[in-house]
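Here the structure is laid out as structure tokens; the discussion comes afterwards.
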Amino acid sequence: MRTLKIPTASEMSLTKVCNALGDPVRMKIAHCLASSGEKNCSAFEVDHISKSTLSHHIKLLREAGIIQPRIEGKHHFYSLRKDELNTRFPGLIDMILQTGGLD
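Going by this note's numbering, 65 is the number at position 58 of the sequence shown; the sequence numbering is gapless.
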């Protein structure tokens, strides 16, 4: 089984985090995880996108360091890395989630 690359807090890039959260679908995923905790990717409430597109959005969030995957057999669960984001960029994720970013 391959290992998924997830940046440590010190490896997170502000540009990558902001770019990842600049998309409405990825912002919706982040909001979902912030309000509900860990979820399976099938539980994300994103309208009318294919599984491959959802996987792409999840990959970008993971590579930016925003979400943490946990794999159980064939099931992938994701959680928001709020503590790590606050360590690297204090207050940023809270501000983004509070303002919504869902223009």
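For each residue, glycine too, the CB sits at the ideal point set by N, CA and C.
- request: Compare the beta carbon distance of residue 69 and residue 13 with 8 Å and say whether it is the shorter of the two.
  value: Yes.
task: Excluding the 5 residues preceding and the 5 following residue 3 in the sequence, name in chain order all residues of the same chain whose CB lies nearer than 6 Å to its CB.
output: For the chain, the structure presents residues 8 to 110; residue 3 sits outside this window and is missing.
- prompt: Do you know whose CA, among 10, 61, 79, 89, lies nearest residue 72's CA?
  reply: Looking from the CA of residue 72, the closest CA among 10, 61, 79, 89 belongs to 89.
- prompt: Taking the alpha helix (DSSP H) that residue 20 falls in, what are its first and last residues?
  reply: Unbroken run through residue 20: none, as it is neither H nor E.
field: Assumed close pair residue 40, residue 74 - CB separation to whole angstroms, cut-off 8 Å
entry: Residue 40 to residue 74, Cβ: 7 Å. Contact.
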